[in-house]
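Numbering (our numbering), first residue to last: 11 to 912. Just so you know, even glycine gets a beta-carbon here, dropped at the ideal spot from N, CA and C. Notes for the one structure printed next.
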């Protein structure tokens, strides 16, 4: 092992897995599988990390699996240090290092098999060194990209244009095909090379679906000419679903052509796909004496190519010696049970017969005569992993049910109760899998469960869609984004990201984000900016910020709300529905909180993270005093800092409560402005859209926005989330600067307003060339200027009285101005204070036929009065109004007291 590579591996093992160097070992490593600090590795050649808990874990991990980045930049690590930029490498130093350290091969055995070349991708404008193998006499070749191959997408290796591989196979130089009793046929060149190192004759078919008929015909001819017997073909494609399917298919084809066949399979366990090269590097192909150790792989292959359930059961019995066990064949579940008395009797009869049978043939025949195999399910259920929701104390086992017909597999959950008895299991199976019937007993089910769920994988769950702060990952329905990289759901419906396994349980929010980056178009951004002007840019900036609400709150402790207000027909719905399309949500605007229960509102707030929650308010134009159910905006105050909007007790008999934090961003869309307390108004960035500048051009642009296909714009979500580091760097750098500049304006006196609008200005920068590069500077500067005006207007709005208070004083001034004597002010016109009795106020307004807000609402808001400063709500005063009436009523009246305007 190269000294620098060894040092890098040991350093990462110490920093990432808390290793402690003791003598020639690194000990107390945290095991990647079980998490216990009992793993160790030798410091001389630290290739394999092994867990010391042999009976409870005992897993081994190759450092390539743990630190793939250390095996990614071969030219950078092993190339000539004096090489100038753009100069190609000469010789094979880099390729040699890749073959030795990246693949574990012996250079004395493989030198001369390959050359070192260079590949350049014109579309991506990037290149890589390659290891190139000649594959035929025509000059065709296959090459593996070795410098950060993930940059090229799925194109990590390729054949030259026009190459011919159908029916052919690559033969390791020096392999004598005229000799040997067995010949293994594998997929890749590195697989064949690994088996060659283990002393096993093998050729590469280039892919799992290439039947090398031309090669086999040449092999048959060569053997006949040499007078040698044909070798037994061992089909050994990769152990994934496709590889196993073609092993079975090609074994049947070869049998029909007269070949003796076998198979070898590497069982695929865990998230890393393993091939023969991996097995070689893990030391699984040879023993300490250098002899091949392939018995287990050949046994697994025999199970794959078994032609009947009885034959498969025979192989399992011969290998394990178990008298009773469940097993699957052709996507049906069977049960094997051996009656030893009948078996021994059948064996004696066969031994006494004159039929020439080998020992294995006699065992197979005796097992068949015992009729030891019965079907217990007409499908094959497989437990994939365990799910748990720690909040609700619920748990499930996630199953895949395969069918023997062409129907697609069904995946769904089984609870512990549904696995506890055969009858409950049968009911659930019938409910989720059409036509699937369990006919086994509870005892047989128990044995199956022991076999499938012992040590089963646990997948972490979240109960929302969007960003998981704990995993630092955006978890969407069909893809996830972590550290700038896009991850797709695996075949078992969860995300395998590094050492994390995560799945969302939420199905309430349907997002359809196009993962094909080539379909994403950026022209929509200019259409949006030209249609709605700076206000559209500000709305887009907020929508971008909502995708990072959790990170921004982590840095700044808060994230503002936005209010998009405008008269009917001003374009609010068009704007918001288009913004939703940017994150993959079609034909949706928001929900009306006044039509939802408290529980429903809480669930709407909790079901997304780093996504907007849009509140649309109806019936805002009703006259004051009309009976209507109003939403209390003060409910939202805690959401500003990401705290829970509602708490509820947990159903566990204890004192535990469930308070899910608010993880998203709040967008308010309605015709009228929000009427709320100062605390809420300070948290809101207000955008007002009008019909003022509507014309044929904006109409055409609005219709164009509506026509944009979602598959061409939903890539915005990926564009933004994969640029996380860039976006957050800009926000963290710029927001404090803009906040400081706004706070220094004489018109802005509330720091929270400066902070909110500073964050918005920083997000506008993120749309420009330094961020996502969606809009040029000419579109951004007007939006920044508008933000300053918005901040000033928000300060003015906060300074103003609540609309109900304004309505109260308007009615007061109107009545007081009707004649020259006091009508409502019980202090009279010569005092510096105003004294109003609210019951008297209500009576006089009714007589004057003035509509006023309900007194109960007025009492709540009058204490916030600023134009006439509130003093107290219950002071007994001597009423000049009653004195002027010369009545016998008491002149003492209990009043609300305010200071007069200066």
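For residue 191, the CB contacts under 7 Å within the same chain, skipping 5 residues up- and downstream, are 241 and 242 in chain order. Look at residue 121 here: in three-state DSSP terms it is coil, with no helix or strand label. Here residue 35 is near residue 51, since their CB atoms are less than 8 Å apart.
In this structure, residue 84 lies near residue 112, with their beta-carbon atoms less than 8 Å apart. Rounded to the nearest angstrom, the gap between the Cα atoms of residue 568 and residue 857 is 49 Å. The straight-line gap separating the alpha-carbon atoms of residue 317 and residue 268 is approximately 16 Å. Rounded to whole angstroms, the separation of the alpha carbons of residue 299 and residue 81 is 29 Å.
Between residue 208 and residue 453, the alpha-carbon positions lie close to 44 Å from each other.
Per the Cβ contact rule, the segment 387-405 is not in contact with the segment 350-370 (fewer than 3 Cβ pairs under 8 Å).
At the C-beta level, residue 399 and residue 515 come within 8 Å of one another. Under DSSP, residue 71 shares a beta bridge with 59. Take the alpha-carbon of residue 725 and the one of residue 607: they are about 34 Å apart. Taking C-beta atoms under 8 Å as the contact rule, residue 201 and residue 287 qualify, at a distance of about 6 Å. When the beta-carbon positions are compared, residue 374 and residue 324 come within less than 8 Å of each other. In the structure shown, residue 831 adopts coil according to DSSP, grouped into three states. DSSP links residue 279 through a beta bridge to no other residue. The segment 557-576 makes contact with the segment 675-685, as at least three CB pairs between them are under 8 Å. Sequence-distant partners of residue 553 (beyond 5 residues in either direction) whose C-beta falls short of 6 Å from its own C-beta, in its chain, are 589. The residues 767, 770 and 771, in chain order, have a CB closer than 6 Å to that of residue 797 in the same chain once the five nearest residues on each side in sequence are set aside.
Within the segment 843-873, the runs of beta strand (DSSP E) that reach at least 3 residues and sit entirely inside it are, in chain order, 843-846.
Within the same chain, and ignoring the five residues on either side of residue 135 in sequence, no residue has its Cβ closer than 7 Å to its Cβ.
In the DSSP assignment, residue 576 falls within the beta strand (DSSP E) that extends over 571-576.
For residue 497, the enclosing beta strand (DSSP E) has its first and last residue at 495-498. A straight line joining the alpha-carbon of residue 254 with that of residue 261 spans about 11 Å. In the assembly as shown, residue 750 is an exposed residue. Its beta-carbon has fewer than 16 other beta-carbons within 10 Å. Apart from the 5 residues on each side of it in sequence, residue 175 sits with its Cβ closer than 6 Å to the Cβ of 216 in its chain, given in chain order. In this structure residue 126 is buried. Its beta-carbon is surrounded by 16 or more other beta-carbon atoms within 10 angstroms. Beta bridge pairing from DSSP links residue 52 with 35.
Contiguous beta strand (DSSP E) elements confined to the segment 100-160 occur at 124-131, 136-144 and 151-155, taking only those with 3 or more residues.
Contact annotation: residue 221 and residue 212 have beta-carbon atoms that are not nearer than 8 Å. Straight-line measurement puts the Cα of residue 817 at about 24 Å from the Cα of residue 889.
Under DSSP, residue 387 takes part in a beta bridge, and its partners are 343 and 448. The segment 873-889 makes contact with the segment 835-854; the number of CB pairs closer than 8 Å reaches 3 or more. Residue 189 is classed as exposed because its beta carbon has fewer than 16 other beta carbons within 10 Å across all chains shown. The beta-carbon distance between residue 863 and residue 800, rounded to whole angstroms, is 28 Å. This is too long to meet the 8 Å contact definition. Spanning the alpha carbons of residue 795 and residue 804 requires a straight line of approximately 15 Å.
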